[in-house]
Ligand SMILES: [Zn+2]
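In this note's numbering, the protein residues as written are 220 to 457.
#1: For residue 319 versus residue 336, is the C-beta spacing smaller than 8 angstroms?
#2: Taking the alpha helix (DSSP H) that residue 221 falls in, what are its first and last residues?
#3: So is residue 399 buried or exposed if we call it buried at 16+ other beta carbons inside 10 Å?
#4: I need the DSSP call for residue 418, collapsed to helix, strand or coil.
#5: Would residue 240 and residue 227 qualify as a contact pair, given that the criterion is a beta-carbon distance under 8 angstroms?
#6: Looking at residue 327: is its Cβ nearer than 8 angstroms to the Cβ of residue 250?
#7: Would you list, in sequence order, the uninterrupted alpha helix (DSSP H) runs of no fewer than 4 residues that lie entirely inside the segment 347-431?
#8: Taking a contact to mean a Cβ-Cβ separation below 8 angstroms, would you say residue 273 touches residue 302 in this structure?
#9: Roughly how far, in whole angstroms, is the beta-carbon of residue 225 from the beta-carbon of residue 296, given that I think they are within contact range, below 8 angstroms?
#10: According to DSSP, what are the bridge partners of residue 288?
#11: So what does residue 261 bridge to, in DSSP terms?
#12: Could you check the C-alpha separation between residue 334 and residue 261 for me, to the nearest Å?
#13: Going by DSSP, what residue range makes up the alpha helix (DSSP H) through residue 340?
#14: When every heavy atom of ligand 1 is checked, does at least one fall within less than 7 angstroms of the C-beta of residue 377?
#15: Verify the contact flag: residue 437, CB atom, against every heavy atom of ligand 1, threshold strictly below 7 angstroms.
#16: If I'm right that residue 410 touches residue 352 with Cβ under 8 angstroms, what's the distance once you round it to whole angstroms?
#17: Should residue 263 go down as buried or exposed, given a rule of 16 or more other Cβ atoms within 10 Å for buried?
#18: Please state if the CB of residue 304 and the CB of residue 422 are separated by a distance shorter than 8 angstroms.
#19: Hey, would you say residue 357 sits closer than 8 angstroms to residue 331, going by beta carbons?
#20: Got a sec? Which residues, its chain only, sit under 7 angstroms from residue 379 by beta carbon, not counting five neighbours each side?
#21: Indicate whether residue 445 and residue 321 have their beta-carbon atoms separated by less than 8 angstroms.
#22: Could you give the distance in angstroms between the alpha-carbon of residue 271 and the alpha-carbon of residue 309?
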């Protein structure tokens, strides 16, 4: 057995037996880790409350030969408590946890993903934005090699009259090559600005046109690319 220290985000938790809990963690440098926390569901546990989804923790982990590691000690860095008290933000944060749990691998270099996820949770904890989830998902898609192609029609190469986005291919199409999601000019503009990294500007817009369509396109394209169905977004996206 070896003991090591990590910073981590709690992605998911499951009950185990009477008093224990299993956690899926995204660590800062060791990728995804599954670990068991012994006795944390007892009322006397001092660390149980630190092990909720969206929490950032400093954790000491025992790594043995088995699949599950063991949590030796936990300190809460940030609980992101506002995310637990607002349904819409809870849904968005849960969707992020669902996707990251799906795409993160054990022992991967997770530092860039960890930074993206922790910053996103911090931003969302401060306050919601109608464009938040779409912007985050497009950043994540780009990081994972699925940046959408938004410049010209994927079929004929025309940059004029772009009117559709194909969820299957991640490409836009012109009006002559109808297929996929219909794109208004304003949604195409939002997608292009998100791809260009204009995050701060987009998150500052309080009531942009078509924000729900933008968010839906990003979420559906992410579901398709990462082969995951985001249960937490039922009722949130179109
Ligand atoms: Zn075309």
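A virtual CB, placed ideally from N, CA and C, is assigned to each residue, including glycine.
Inspection of the coordinates gives the following:
#1: In contact: residue 319 and residue 336 (Cβ atoms closer than 8 angstroms).
#2: First-last for residue 221: 221-235, but that is the beta strand (DSSP E), not the alpha helix (DSSP H).
#3: buried
#4: Helix, per DSSP.
#5: no
#6: yes
#7: 351-362, 404-414, 418-422
#8: yes
#9: Taking a contact as a CB-CB distance under 8 angstroms, the pair residue 225 and residue 296 does not count as one, their CB atoms being some 11 angstroms apart.
#10: 254
#11: Partner(s): none; residue 261 has no beta bridge.
#12: 32 angstroms
#13: 330-345
#14: yes
#15: no
#16: No, residue 410 and residue 352 are not in contact; Cβ-Cβ is about 13 angstroms, not under 8 angstroms.
#17: exposed
#18: no
#19: no
#20: Cβ neighbours of residue 379 within its own chain (closer than 7 angstroms, five residues either side excluded): 393.
#21: A contact, by the Cβ cut-off of 8 angstroms.
#22: 12 angstroms
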